[in-house]
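Residue numbers in the sequence shown follow my numbering, run continuously in steps of one, and reach 917 at the last position.
Read the structure below first, then the notes.
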Amino acid sequence: MSVLVYTESLKGKFKKNAFEVASYAHKVAQELGTTVTAVSFNAEDDASLGTYGVSKVLKVSDDSLATFNAKAYAFALAQAAEKEAAKVIILSSSADSKFLAPILTAKLSAGYVPNVVAAPESTSPFVVKRTAFSNKGFALTEISADIKIIGVSSNAFGLKENNVSASIEDFAPSLGDDAFSAKSIEVDRVVGKATIADADIVVSGGRGLKGPENWGMIEELADVLGAATACSKPVSDMGWRPHSEHVGQTGKPVASNLYIAIGISGAIQHLAGVNSSKVKVVINNDPEAPFFKAADYGIVGDAFEVVPELIEKLKEFKAQNT
């Protein structure tokens with residue numbers, strides 16, 4: 596019996612969250628006195644998972660699974676769990692994992708808790724800490740089902756190296772037509788930029804930028820910081836930025852290490868989607884903007900004056916420290 600972990604990848608490369616869930620799974624395995632088995636789909640460097648405590652990798656090499664398919668992936672993971680007699684399965688809390696998790700849960704008659712932010716409080720009974728009330732609080736949740744599925748929040752546990760030698764085993768799940776009852780027709784991805792889901796830093800702009808023609812300074816600041824760019828809902832609704840950059844309760848959730856909000860007032864729906872970020876910095880010319888109450892650091896000032904100066908200072912700092 597081992598702890599099973601689903602490691603996400605894109606175009607053969609593991610995502611950052613794959614290493615984070617592997618780190619988390621190793622911690623759980625230590626507490627249960629067992630090892631970690633990972634399932635990878637068409638990944639290239641499976642052995643790298645050993646750096647984060649994975650002892651065995653079930654390698655799935657199947658062209659029909661080159662594009663993420665929630666049902667097919669869930670069916671494959673269910674077969675892997677049965678093969679390994681896994682009672683604990685670790686996923687990320689990404690959009691893909693949250694899509695397949697209910698299918699996997701039903702398939703295994705398991706108990707599922709997403710948005711988990713720390714190692715289990717205890718393993719007997721099995722209790723985990725997760726965010727609740729739109730990230731305004733935490734809940735200690737007991738999973739009483741025989742099989743337990745945990746969704747780990749991004750950047751909550753972190754990457755922790757636990758070097759072991761990972762054995763690689765080819766795994767070919769049996770997937771019939773039912774597993775592919777839904778198919779992806781087209782995948783449209785943003786290329787050449789850090790993604791919101793994987794970014795440690797996110798720079799986000801709101802209506803205070805006054806128009807799409809002023810977005811250059813947001814992109815320049817993001818480039819200096821190696822950050823992803825994002826926006827508030829009104830900005831995407833007005834067509835200034837693509838909907839793929841909309842963050843908040845009704846958009847993409849953000850759990851970055853640093854979230855910089857520029858010209859965003861801080862509506863409750865936006866705050867609910869970014870509250871999991873560890874450090875929040877707000878730049879706004881309205882001292883009464885609601886976002887300041889949730890911010891760790893705030894600058895009251897004109898974004899068109901503050902941001903260019905911030906960019907220059909960051910460039911100077913990087914030049915002196917590289």
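Idealized CB from N, CA, C, for every residue including glycine.
Boundaries of the alpha helix (DSSP H) around T700: A690 to L703.
With contacts defined as CB atoms closer than 8 Å, L627 and T718 qualify as a contacting pair.
If you draw a straight line from the Cα of A862 to the Cα of I791, it is about 20 Å long.
Around the beta carbon of L866, 16 or more other beta carbons lie within 10 angstroms, which makes this residue buried. Classified as exposed, G834 has fewer than 16 neighbouring CB atoms from the shown chains inside 10 Å of its CB. Counting every other CB atom within 10 Å of its CB across the protein chains shown gives P848 a total of 16 or more, marking it as buried. Exclusion of the five residues before and after P768 leaves A671 and Q674 as the residues of its chain whose Cβ lies within less than 6 Å of its Cβ.
With 16 or more other Cβ atoms inside 10 Å of its own Cβ, Y668 counts as buried. Distances from the alpha-carbon of I796 to those of K778, K678 and L820 put L820 closest. Secondary structure note for N612: its alpha helix (DSSP H) is the uninterrupted segment K611 to L627.
Less than 8 Å separates the beta-carbon of F766 from that of L653. Rounded to whole angstroms, the gap between the alpha carbons of G803 and T736 is 40 Å. Residue pairing by DSSP places Y707 opposite I744 in a beta bridge. Annotation: D765 is outside any alpha helix (DSSP H); the continuous beta strand (DSSP E) that includes it extends over S762 to D765. Of A638, A617, N637 and F636, the smallest CA-CA separation from T630 is found for A617.
Apart from the 5 residues on each side of it in sequence, V902 sits with its Cβ closer than 8 Å to the Cβ of M812, I813, L816, I857 and I878 in its chain, given in chain order. Closest in C-alpha terms to L770, from the list S659, N916 and G896, comes S659.
Here S635 has T602, S604, D641, V652, K654 and V655 as same chain residues with Cβ atoms under 7 Å from its own Cβ, once five neighbours each way along the sequence are excluded. Distance from the CA of S688 to the CA of S748, rounded to the nearest whole angstrom, comes to 5 Å. Taking 8 Å as the cut-off, the Cβ atoms of A822 and A794 count as close. For F636, the enclosing beta strand (DSSP E) stretches over residues V631 to F636. Considering only P715, A777, L703 and R836, the residue with the shortest C-alpha distance to I742 is L703. For I855, the enclosing beta strand (DSSP E) begins and ends at L853 to I857.
DSSP places E911 inside the alpha helix (DSSP H), whose first and last residues are A898 to Q915.
Here the alpha carbon of Y619 sits roughly 43 Å from the alpha carbon of E808. Partner residues in the beta bridge of T736, as assigned by DSSP, are V723.
Assigned with DSSP and collapsed to three states, T718 falls in strand. For a cut-off of 8 Å, the C-beta gap from G843 to S827 is around 7 Å, short enough to register as a contact.
Contact between I763 and A696 does not hold, since the beta-carbon distance rounds to 26 Å and is not under 8 Å.
Across the set L686, S739, A705 and N870, the C-alpha of N870 shows the shortest separation from the C-alpha of F728. L905 is the residue among E679, L905 and K610 whose C-alpha sits nearest the C-alpha of D897.
Taking the Cβ atoms as the reference, M596 lies roughly 6 Å from K682, within the contact range of under 8 Å. In this structure, S779 keeps its C-beta atom at 8 Å or more from the C-beta atom of I855.
Counting along the chain, the unbroken beta strand (DSSP E) around V895 starts and ends at Y892 to V895.
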